[in-house]
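S.K.: Before we start, here is the structure in question, set down as structure tokens.
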Amino acid sequence: RKVAIDASMCLYQFLIAVRSEGAQLTSVDGETTSHLMGTFYRTIRLVEQGIKPAYVFDGKPPDLKGGELAKRAERRDEAQKLLQAAEEADIVYLLGNAEDVEKFNRRLVKVTKTHAEEAKQLLQLMGIPFIDAPCEAEAQCAALVKAGKVYATATEDMDALTFGCNVLLRRLTFSEAKKMPIQEFHFDKVLEGLELNHNEFIDLCIMLGCDYTNSIKGVGPKRAIELIKTHRSLEKIIENLDTKKFPIPKDWNYKQARLLFQEPEIIDPETIDLKWTEPDEEGLVKYLCGDKQFNEERVRNGAKKLHKARNTSTQGRLDTFFKVLSSPNPLKRK
DNA sequence: ACTCTGGCTCAAGACGCT
DNA sequence: TTAATTGAGCCAGAGT
DNA sequence: AGCGTCC
Numbered sequence: 001r002k003v004a005i006d007a008s009m010c011l012y013q014f015l016i017a018v019r020s021e022g023a024q025l026t027s028v029d030g031e032t033t034s035h036l037m038g039t040f041y042r043t044i045r046l047v048e049q050g051i052k053p054a055y056v057f058d059g060k061p062p063d064l065k066g067g068e069l070a071k072r073a074e075r076r077d078e079a080q081k082l083l084q085a086a087e088e089a090d091i092v093y094l095l096g097n098a099e100d101v102e103k104f105n106r107r108l109v110k111v112t113k114t115h116a117e118e119a120k121q122l123l124q125l126m127g128i129p130f131i132d133a134p135c136e137a138e139a140q141c142a143a144l145v146k147a148g149k150v151y152a153t154a155t156e157d158m159d160a161l162t163f164g165c166n167v168l169l170r171r172l173t174f175s176e177a178k179k180m181p182i183q184e185f186h187f188d189k190v191l192e193g194l195e196l197n198h199n200e201f202i203d204l205c206i207m208l209g210c211d212y213t214n215s216i217k218g219v220g221p222k223r224a225i226e227l228i229k230t231h232r233s234l235e236k237i238i239e240n241l242d243t244k245k246f247p248i249p250k251d252w253n254y255k256q257a258r259l260l261f262q263e264p265e266i267i268d269p270e271t272i273d274l275k276w277t278e279p280d281e282e283g284l285v286k287y288l289c290g291d292k293q294f295n296e297e298r299v300r301n302g303a304k305k306l307h308k309a310r311n312t313s314t315q316g317r318l319d320t321f322f323k324v325l326s327s328p329n330p331l332k333r334k
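Below, the structure written as structure tokens:
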């Protein structure tokens, strides 16, 4: 069963989580390898379960997002760059407590172009397809699902639904699944449960706070649902809202935000041909066991697992692993 | 009292041996 | 300058 | 399941 995955999100998590004594794993020349470690083993695990993953990489963020992100940047630049200096000083003075240093390091994690390129090279050698999205990966994933190129998007990010992703899988990573069951959301069932159509759902998500705009102060999940059910569109809501109690954000460009959800910049899925091919064992060994110092035995073992799973295909039906939770109300969000 | 929002903090992977 | 998370859980405080 | 280790 084919599944689309937001690669940048995965890389980010690996960079944060795959650490030893607070520091990322590295090659001989000090280059980070945490993202490769995570991608390699997680992908093998997925393939062994009969899943065919297709990774989707982010392109440029939409302009509108840039505006919002600038605010976060300010916060960071002010607080964190100064904190950086302060904490570095602390380290010098106090030979810092490791926890602070760790926390600090995690906040500065970024997924760079290089990380992405390295991951792509690894996926190539593993025989796993990937796509460069022109813009938001989640939007491209949703398009792949809609076009039937993959069965679902595997993500923790509920915004995938806003892009109209029909099927969304949460907690697909199986080590975590030991603790928590895999959840499968069907967008049409969610809409049914909320008694909304897609456009109304988009307006709802904008109110709840998306990456593209501010949200209305005082309006959280409860009131937002109430409002959209009563008025069915942001235009009508704005007309009827008591703006003394609930002020509309200044220069609120909800229309543009809406458009980014309705017509995101994507590659036409029909032009995309996803191919899962044989892993290149020697290539993997060469790439991972050179400077990057991966254990050769483990890498070869991984390559063989990929090979084996590939040739025993049509095995794993995901259904055996989880129940379909077409949860009528996933809005525990923000 | 109750509901709701929003601000805060935290944690975040996978393998293999025991 | 080339990167800018997220979701969950807990709790204070405002509003009704 | 817990824990040290992966690089």
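Under the UniProt record's numbering, the first residue of the first sequence carries the number 1, and numbering increases by one thereafter.
Glycine residues also receive a C-beta, built at the ideal position from the N, C-alpha and C atoms.
It should be emphasised that the depicted structure is a prediction, and the values quoted were computed from it without experimental measurement.
1. Write down the C-beta distance between Gly38 and Asn105 rounded to the nearest angstrom, noting that I regard them as a contact closer than 8 Å.
2. Quick one: what does DSSP say Lys236 is sitting in, helix, strand or coil?
3. Taking Lys305 as the reference, which of Leu161, Lys286, Lys292, Asp280 has the closest Cα?
4. Where does Phe174 sit, in a helix, a strand or coil, going by DSSP?
5. How would you label Tyr93, buried or exposed, when you count the other beta carbons within 10 angstroms and need 16 or more for buried?
6. Taking the Cβ atom as the reference point for each residue, do Ser8 and Ala142 lie within a distance shorter than 8 Å?
7. Under a Cβ-count criterion, where at least 16 other Cβ atoms within 10 Å of its own Cβ denotes burial, should Asp291 be classed as buried or exposed?
8. For Ala224, which residues from the same chain have a beta carbon less than 7 Å from its beta carbon, with the 5 sequence-adjacent residues on both sides left out?
9. My assumption, with CB atoms under 8 Å, is that Cys210 sits in contact with Ala257. Please give the rounded CB distance.
10. Taking Ile228 and Glu200 to be in contact with their CB atoms under 8 Å, please state how far apart those CB atoms are, rounded to whole angstroms.
11. Hey, quick one: how far does the beta strand (DSSP E) through Val285 stretch, first residue to last?
12. Going along the chain, which unbroken runs of the alpha helix (DSSP H) with 4 or more residues stay wholly within the UniProt domain "XPG N-terminal" (1-79)?
13. Label Leu108 either buried or exposed according to how many other C-beta atoms from any shown protein chain fall within 10 Å of its C-beta, with 16 as the threshold for buried.
14. Please work out which residues of its chain come closer than 6 Å, Cβ to Cβ, to Lys52, disregarding the five sequence neighbours upstream and downstream, and give them in chain order.
15. Helix, strand or coil for Leu168, going by three-state DSSP, please let me know.
16. Alpha carbon to alpha carbon, how far is Thr155 from Ala309?
17. Assuming Val145 and Ala4 are in contact, meaning their beta carbons sit under 8 Å apart, how far apart are those beta carbons, in whole angstroms?
18. Can you tell which of Phe14, Thr32, Leu11, Val47 has the C-alpha that lies nearest to the C-alpha of Gly302?
19. Roughly how far, in whole angstroms, is the beta-carbon of Leu69 from the beta-carbon of Pro61, given that I think they are within contact range, below 8 Å?
20. For Gln121, which beta-bridge partners are listed by DSSP?
21. Buried or exposed: Gly148, going by 16 or more other Cβ atoms within 10 Å of its Cβ?
22. Does the beta-carbon of Leu11 have 16 or more other beta-carbons within 10 angstroms, so that it is buried, or is it exposed?
23. DSSP three-state label for Phe294, please.
24. Along the chain, where does the beta strand (DSSP E) containing Asp203 start, and where does it finish?
25. Per the contact definition of three or more C-beta pairs closer than 8 Å, is the segment 164-171 in contact with the segment 24-31?
26. Count the other CB atoms within 10 Å of the CB of Arg298; is the residue buried (16 or more) or exposed (fewer)?
27. In its own chain, which residues sit with a C-beta less than 7 Å from the C-beta of Gly164, not counting the 5 before and 5 after it?
28. Can Ile266 and Gln140 be called in contact, C-beta distance under 8 Å?
29. Could you tell me how far apart the beta carbons of Ala116 and Leu36 are, in whole angstroms, since I believe they sit closer than 8 Å?
30. What is the rounded straight-line gap between the Cα of Leu274 and the Cα of Phe294?
31. With distances taken between CB atoms, is the gap from Tyr254 to Leu284 smaller than 8 Å?
32. May I have the straight-line CA-CA distance separating Gly127 from Gln121, to the nearest angstrom?
33. On the DSSP letters alone, give me the boundaries of the alpha helix (DSSP H) that Ile131 sits inside.
M.R.: In brief:
1. A Cβ-Cβ distance of about 17 Å is found for the pair Gly38 and Asn105, leaving them out of contact under the 8 Å criterion.
2. Lys236: helix per DSSP, three-state reduction.
3. With distances taken between Cα atoms, Lys305 lies closest to Asp280.
4. It is helical.
5. Confidence in Tyr93 is poor, its pLDDT being 47 and thus under 50, which makes the residue's placement too unreliable to answer from.
6. Contact flag unset, no.
7. Per the 10 Å Cβ criterion, exposed.
8. The residues are Leu204, Met207, Leu208.
9. Confirmed, Cβ separation roughly 6 Å.
10. In this structure Ile228 touches Glu200 by the C-beta definition: roughly 5 Å separates them, less than 8 Å.
11. Element bounds for Val285: not the beta strand (DSSP E) but the alpha helix (DSSP H), 281-288.
12. Complete alpha helix (DSSP H) runs here, min 4: 7-17, 34-48, 63-75.
13. Leu108 is exposed by the Cβ-count criterion.
14. Contacts found: Lys2, Trp276.
15. DSSP places Leu168 within a strand segment (E or B) once states are collapsed to three.
16. Going by the C-alpha atoms only, they are around 23 Å apart.
17. Right, the Cβ-Cβ distance comes to about 7 Å (below 8 Å), so this counts as a contact.
18. Closest in alpha carbon position to Gly302, among Phe14, Thr32, Leu11, Val47, is Val47.
19. So it is a contact: roughly 7 Å between Cβ atoms.
20. In the DSSP assignment, Gln121 forms no beta bridge with any residue.
21. When all chains shown are included, Gly148 counts as exposed.
22. Leu11 should be labelled buried.
23. In the structure shown, Phe294 adopts coil according to DSSP, grouped into three states.
24. First-last for Asp203: 198-209, but that is the alpha helix (DSSP H), not the beta strand (DSSP E).
25. Taking one beta carbon from each stretch, the segment 24-31 and the segment 164-171 have fewer than 3 pairs nearer than 8 Å; the two do not touch.
26. Counting Cβ neighbours within 10 Å, Arg298 comes out exposed, since fewer than 16 surround it.
27. Closer than 7 Å at the Cβ level, and outside the excluded window around Gly164, lie Ala142, Lys146, Phe187, His198.
28. Taking a C-beta distance under 8 Å as the contact criterion, Ile266 and Gln140 qualify as a contact pair.
29. Incorrect: roughly 11 Å between the Cβ atoms, too far for contact.
30. Linking Leu274 to Phe294 through their CA atoms gives a straight-line distance of about 28 Å.
31. Between Tyr254 and Leu284, the C-beta gap is not smaller than 8 Å, which leaves the two residues out of contact.
32. Going by the C-alpha atoms only, they are around 10 Å apart.
33. In the DSSP annotation of this structure, Ile131 is not part of any alpha helix (DSSP H); the continuous beta strand (DSSP E) holding it starts and ends at 130-132.
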